[in-house]
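Worksheet for the structure shown next.
In my numbering, the protein residues as written are 46 to 428.
Structure below.
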């Protein structure tokens, strides 16, 4: 077991790095858990915006606009001083300014004139306020067109009841994303960093100097050497995978145990493990230089994680990025993870989609191994 012991010796030398990435991974997971633990389908609340209103009309409709916005936001009455208004926006004392010009009531109800607004550039909350103002003014105009007086139209629009929304549990997850979904989302980063670096370091160490020639001349057959190397890689990968799975159960306990999707999470993470082990083998074949290895591992791990939905959720990525990401195995892992988070019961076409994505990961793993073996053979012949 000479080769196996050599592998394990190098693993022990890198135990500090393994622990460092484990701490980083668990730290990220705990932060995500702290941010998301109170979110869900039933805990949504509207965000209040700092709004300044310049009222030069003083009519019933102007008062209605102020009262309506005051129900949701912090409203401040302002003088029409351009310099002060710009200063308030610059220092973020206000995020949104509404100017109601003189004669606005008649122009709005009769001619459909819109309010003049100024907002902080790039603020997503401004679109939220835009929609509220548009909705309110449209309601007032509808009542006015139906024969209501301006005063009655304003009051009726203010008194309108908000729609009652009931979340229907169609997919079996009550409209909520389980907390452990975020945990499994970040597992690729941990596995890529640790396995690619440690196994890559081991493989490159065995190819330095005259070590390959000495191994070929040893009494241990090449087949035995390869089997011992595979055993060492399997033990390291399996141990790291077991730590990740155990961490999930420790953090989420009963919530994870009660999930009917546990088998799919485990199978998906195992498929990911095979992919990462294959990548680690390929990385080890690319270079025997430690500094170059660091650069390759960082490029692969960060690049794949950013493009494939680890650091940035897939539903936020644009179509072009997703098209490119489909050529990366981590994308299919994250696709399964997202599907499992959306469906509490995995059956029928959903189950077929999940298994298909897992199968694609295994195909990627096999393809990467073939490329690595071809590269290894080429280098061995060249030597």
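Beta carbons: idealized from backbone N, C-alpha and C, even for Gly.
Q | Residues of its chain near residue 386, where Cβ-Cβ distance is below 7 angstroms and the 5 sequence neighbours each way are ignored | A | 222, 223, 226
Q: In angstroms with no decimal places, state the Cα-to-Cα distance between residue 120 and residue 194.
A: 26 angstroms
**Q.** Short Cβ contact (8 angstroms threshold) for residue 421 with residue 332
**A.** no
Q. If we count Cβ pairs, one from each stretch, closer than 8 angstroms, do we get three or more for the stretch 272-285 versus the stretch 231-240?
A. yes
Q | Close-in-space but distant-in-sequence residues of the same chain around residue 107 (CB under 8 angstroms, 5 per side omitted) | A | 100, 145, 149, 150
Q. With a CB to CB cut of under 6 angstroms and the five nearest residues on each side skipped, what residues in its chain are close to residue 325?
A. 240, 241, 244, 245
Q: In the DSSP assignment, find the unbroken beta strand (DSSP E) run with residue 99 in it and report its ends.
A: 95-100
Q | Under the three-state DSSP convention, the category residue 197 falls into | A | helix
(Q) So, at 6 angstroms on beta carbons, what are the nonlocal neighbours of residue 377 in its own chain, with the 5 sequence-adjacent residues on each side left out? (A) 402, 405, 406
Q) Would you report the Cα separation of residue 113 and residue 104, rounded to the nearest angstrom? A) 14 angstroms
Q | Contact under 8 angstroms by Cβ, residue 391 with residue 306 | A | yes
Q) Among all the DSSP beta bridges, which residues are the ones paired with residue 164? A) 141
Q: State the beta-bridge partners of residue 121 as determined by DSSP.
A: 97
Q: Below 8 angstroms CB to CB, which residues in the same chain sit around residue 44 once its five sequence neighbours on both sides are set aside?
A: Shown here, the chain extends from 46 to 428; a query on residue 44 therefore has no answer.
(Q) Taking 6 angstroms as the limit between beta carbons, can you name the residues of its chain near residue 414, skipping five residues before and five after? (A) 323
**Q.** Selection from 270, 368, 169 that minimises the alpha carbon distance to residue 93
**A.** 169
Q) Leaving out five residues before and five after residue 230 in sequence, what residues of the same chain have Cβ atoms less than 7 angstroms from its Cβ? A) 355, 379, 382
Q: For residue 227, name the three-state secondary structure that DSSP assigns.
A: helix
Q) Measuring CA to CA, which of 116, 102, 76 is closest to residue 95? A) 116
Q. Among 330, 97, 140, 182, which residue has its Cα nearest to the Cα of residue 155?
A. 182
Q. Considering residue 233, what are the terminal residues of the alpha helix (DSSP H) in which it resides?
A. 232-250
Q.
Report the start-end ranges of each beta strand (DSSP E) in the stretch 296-365 that is 3 residues or longer and not cut off at the edges.
A. none
Q | Cβ-Cβ distance between residue 350 and residue 314 below 8 angstroms | A | no
Q: Could you tell me how far apart the beta carbons of residue 160 and residue 97 are, in whole angstroms, since I believe they sit closer than 8 angstroms?
A: Rounded, the Cβ-Cβ distance is 13 angstroms, inconsistent with contact.
Q) How far does the alpha helix (DSSP H) with residue 191 in it reach, from first residue to last? A) Careful: residue 191 lies outside any alpha helix (DSSP H) and carries neither H nor E.
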